[in-house]
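Below is one structure, written out as structure tokens; comments come after it.
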Amino acid sequence: MKKTITREAIYHSAQSNYSYGYDSETLHLRVKTKKNEVKSVIIRIGDPYIWDAGGCDGGNMNATGGVWVGGKSYPMRKECETEYFDNWIIEYKPDMKRSRYAFILEGYEETLLYTEKGSRELNGDEGDERKLCKLSDFFCFPYLNNIDVARGPEWVKNTVWYQIFPDRFCNGDKSINPIDVQEWGTEPTGENFMGGDLQGIINKLDYLDELGITGLYLCPIFEATTNHRYDTIDYFKVDTTLGDAKTFKKLVEESHKRGIKIMLDAVFNHLGYFSAQWQDVVKYGEESKYRDWFHIKKFPAVDRPLEELDGNNLNYETFGRTPLMPKLNTENNGVVDHLLKVAKYWVEDMKIDAWRLDVCNEVDHVFWRKFREVVKGINKEVYILGEVWHDGLPWLMGDQFDAVMNYPLTEAIKEYFCLNDISGEKFRYMVEENKVAYSRQVGEVTFNLLDSHDTPRMLTVANGDKEKMKLAYLFMFTQAGSPCIYYGDEVGMEGEQGMGREFHRRCMIWEDEKQDKEFQIFMKKIIGIRKEYEEFKLLDNRWISYCCTKEALVYSKGNITILINNSNEMVDVMLPEEIRNEKVFNLYDLTNEELVESVSMEANSFRIFKIN
């Protein structure tokens, strides 16, 4: 039986993560084929306006019967393998910024031409030439416009973030404590306050600097009624129990002196129940000048006391089913103007470096395009990060966000290292599928995290196994993107959420005797290694598959090789050919070693080798 190429498995989409401008001169073009069916892929590509003598210089659809002679053939490289597919890519520089293209897929017993119109066999006869010149069938990248290229700030690639839940990090000014403040370290709930504030963060900047942190991601600091402050009252005011504008400016200035960026959390999907705008609606109903700022089903919007409101039966739309968070109508000009003024104020006047956008996937794309234009118009180096837990491609084509929070990577790391729910092979496939989900430049500035204020702490997920936690952090810190540490992870804090308790939002542990100093040393070392070696910022992992097993991962980044034993037993790991019998430098232990055919690795351990 003839070994054919599965037609329905072939995939390419123009103007997407399969076809995009990487920079002002370079196109990235991808195609996907069924795993192990295609030996090689050639792209047939060229300027659509180059015809033979009978052609029409001004047309590209062969209206005059001329022959297109602009096409040239180039080999594509295999970017990665996933569970079911091979993914191919080429970096191509079009001479005139415009391209028509098709893919020649060489199988084991047949060759196909894959175009916008489908797949056709190439038989090695004179008919092939007609197929390769039928430009009307080809995919099109009309013009590589520089303004359309997705670009994240370069500084993000070198940033190590630290997420802070302000009320639980450090109390630096007891004079502004909430009236009902609890003793530091009290069991956390969704309602109680511990007194953390901006001055407390300022007081700990040297601690963060010494750890190696170069970016602070702060949960909301705006005036609100809750400890999490996602129920904004006034976007222009710092919550008085955190500080004031003067204190915030000092935080920014002191952070910038240390080379630390500041990212604020913008809650533009909804307002708080006690905001002036919503209270005006509650009081005046249909006569309120803010009635169209919200999604109100019928009036009165609030028909009973607050404590009796049922999130499943409201007269207005909210975030989730939370009566305290009425959803904003970002199609309303007044709302748009207000929120864009907020965005401008914190970037222009307060000098923040980044915005994290809460529940951004429920806000319309038109608004986010306006948001980007305003923010980047003030400072093109501001990082725009979206909270998207699913496929974020619609927001990542260059006109809205620079990146999204990389929860798919979080999930892969959790399932492999902390839960042992998947094999090493499945883990590799999940990592690679995540890589090709977006353009490569988006992958280079994506926001990588293990846990956050919205998830259980990863150490708790790992049942308190700090060796597993080390492997999880090690892997994240050897990947492209911008890694983030959730406050307290570095000293071994645990915590889960649910049942009215929020142990993942515990108070930061500052007593030396309660901190895990050994884990803290580990974190400092891997942060330092990442900063020193640019290889860890490369997007591609070269998996050494013949060395990988269910228990062991072996991959390289440039000329650095990482070995991980993710099992509870000692294993012998076969070494890649390029480092066998070589002298190498162990980047973590800072020792020179002479390798042989394999290395014996302790349970849940790692090695990082660089050839001398």
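Numbering of the sequence shown is given in UniProt numbering, commencing with residue 1 and proceeding in unit increments.
All residues carry an ideal CB built from backbone N, CA and C; glycine is no exception.
Treat the numbers as computed from the prediction; the structure is a model and nothing was measured.
Exposure of residue i, with buried meaning 16 or more beta-carbon neighbours within 10 Å
{"i": "Gly-71", "result": "buried"}
{"i": "Leu-419", "result": "exposed"}
{"i": "Leu-218", "result": "buried"}
{"i": "Trp-293", "result": "buried"}
{"i": "Arg-77", "result": "exposed"}
{"i": "His-504", "result": "buried"}
{"i": "Pro-166", "result": "buried"}
{"i": "His-365", "result": "exposed"}
{"i": "Arg-130", "result": "exposed"}
{"i": "Arg-428", "result": "buried"}
{"i": "Ser-439", "result": "buried"}
{"i": "Ala-276", "result": "exposed"}
{"i": "Asp-180", "result": "exposed"}
{"i": "Lys-341", "result": "exposed"}
{"i": "Phe-475", "result": "buried"}
{"i": "Leu-590", "result": "exposed"}
{"i": "Ile-611", "result": "exposed"}
DSSP state of residue i mapped onto helix, strand, coil
{"i": "Asn-87", "result": "strand"}
{"i": "Ile-527", "result": "helix"}
{"i": "Val-30", "result": "Note that residue 30 corresponds to Arg in the displayed sequence, not to Val. Strand at Arg-30."}
{"i": "Ser-136", "result": "helix"}
{"i": "Asp-451", "result": "coil"}
{"i": "Val-491", "result": "helix"}
{"i": "Tyr-486", "result": "strand"}
{"i": "Gln-497", "result": "strand"}
{"i": "Thr-410", "result": "helix"}
{"i": "Leu-587", "result": "coil"}
{"i": "Phe-268", "result": "coil"}
{"i": "Lys-257", "result": "helix"}
{"i": "Met-469", "result": "helix"}
{"i": "Lys-435", "result": "helix"}
{"i": "Leu-553", "result": "strand"}
{"i": "Met-263", "result": "strand"}
{"i": "Ile-521", "result": "helix"}
{"i": "Gly-320", "result": "coil"}
{"i": "Trp-346", "result": "helix"}
{"i": "Thr-241", "result": "coil"}
{"i": "Cys-80", "result": "strand"}
CB-CB length for residue i against residue j, believed under 8 Å
{"i": "Ile-5", "j": "Leu-112", "result": "5 Å"}
{"i": "Gly-424", "j": "Arg-457", "result": "So it is not a contact: roughly 24 Å between Cβ atoms."}
{"i": "Cys-80", "j": "Lys-435", "result": "6 Å"}
{"i": "Leu-563", "j": "Val-599", "result": "7 Å"}
{"i": "Arg-98", "j": "Leu-135", "result": "That belief does not hold up - the Cβ atoms of Arg-98 and Leu-135 are roughly 12 Å apart, past 8 Å."}
{"i": "Asp-402", "j": "Tyr-383", "result": "6 Å"}
{"i": "Leu-539", "j": "Ala-480", "result": "4 Å"}
{"i": "Asp-52", "j": "Ala-102", "result": "Their Cβ separation, rounded to whole angstroms, is 19 Å, which puts Asp-52 and Ala-102 out of contact at 8 Å."}
{"i": "Glu-502", "j": "Pro-142", "result": "Rounded, the Cβ-Cβ distance is 51 Å, inconsistent with contact."}
{"i": "Leu-393", "j": "Asn-17", "result": "6 Å"}
{"i": "Ile-560", "j": "Ile-509", "result": "About 33 Å; that fails the 8 Å criterion."}
Nearest neighbour of residue i, chosen from the options [CA to CA]
{"i": "Thr-603", "options": "Arg-542, Arg-30 and Phe-417", "result": "In the sequence under discussion, the amino acid at residue 603 is Ala, which differs from the Thr named in the question. Selected option, being the one with the closest Cα: Phe-417."}
{"i": "Ile-42", "options": "Asp-23, Thr-82, Glu-513 and Tyr-92", "result": "Tyr-92"}
{"i": "Phe-606", "options": "Val-596, Asp-265, Tyr-588 and Leu-595", "result": "Tyr-588"}
{"i": "Glu-415", "options": "Val-461, Lys-39 and Leu-264", "result": "Val-461"}
{"i": "Asp-349", "options": "Arg-369, Glu-331, Val-336 and Val-375", "result": "Val-375"}
{"i": "Arg-506", "options": "Glu-518, Glu-513, Lys-517 and Val-491", "result": "Val-491"}
{"i": "Ile-279", "options": "Ile-544, Pro-300 and Asn-146", "result": "It is Gln, not Ile, that sits at residue 279 in the sequence shown. Measuring from the Cα of Gln-279, the nearest candidate turns out to be Pro-300."}
{"i": "Ile-176", "options": "Asn-158, Tyr-162, Trp-184 and Leu-198", "result": "Leu-198"}
{"i": "Val-302", "options": "Glu-577, Pro-326 and Pro-220", "result": "Pro-326"}
{"i": "Met-397", "options": "Leu-575, Phe-268, Asn-145 and Val-573", "result": "Asn-145"}
{"i": "Asp-209", "options": "Asp-95, Gly-259 and Phe-248", "result": "Gly-259"}
{"i": "His-390", "options": "Glu-411, Lys-370 and Thr-33", "result": "Glu-411"}
{"i": "Tyr-546", "options": "Ile-529, Met-574 and Ile-526", "result": "Met-574"}
{"i": "Gly-200", "options": "Val-335, Val-388, Gly-185 and Cys-170", "result": "Cys-170"}
{"i": "Glu-24", "options": "Pro-178, Glu-433, Pro-94 and Asp-231", "result": "Note that residue 24 is Ser in the sequence shown, not Glu. The candidate whose alpha carbon is nearest that of Ser-24 is Pro-94."}
{"i": "Val-336", "options": "Asn-269, Gln-515 and Lys-237", "result": "Asn-269"}
{"i": "Trp-184", "options": "Asp-173, Glu-191 and Gly-196", "result": "Gly-196"}
{"i": "Glu-534", "options": "Lys-517, Lys-524, Lys-514 and Ser-556", "result": "Ser-556"}
{"i": "Ala-437", "options": "Trp-68, Phe-193 and Ser-19", "result": "Ser-19"}
Cβ-heavy atom distance, residue i to the ligand MG, below 7 Å
{"i": "Asn-36", "result": "Ligands are entirely absent from the displayed structure, and the ligand MG is therefore not among its contents."}
Chain D contact for residue i (CB, 8 Å cutoff)
{"i": "Leu-357", "result": "The structure shown contains no chain D; it is built from a single protein chain."}
- Message: Could you tell me which whole alpha helix (DSSP H) segments of length 4 or greater appear in the segment 201–232?
- Response: 205–211
- Could you tell me which uninterrupted beta strand (DSSP E) segments, each at least 3 residues in length, are contained entirely in the segment 157–208, listed from first to last along the chain? 161–164
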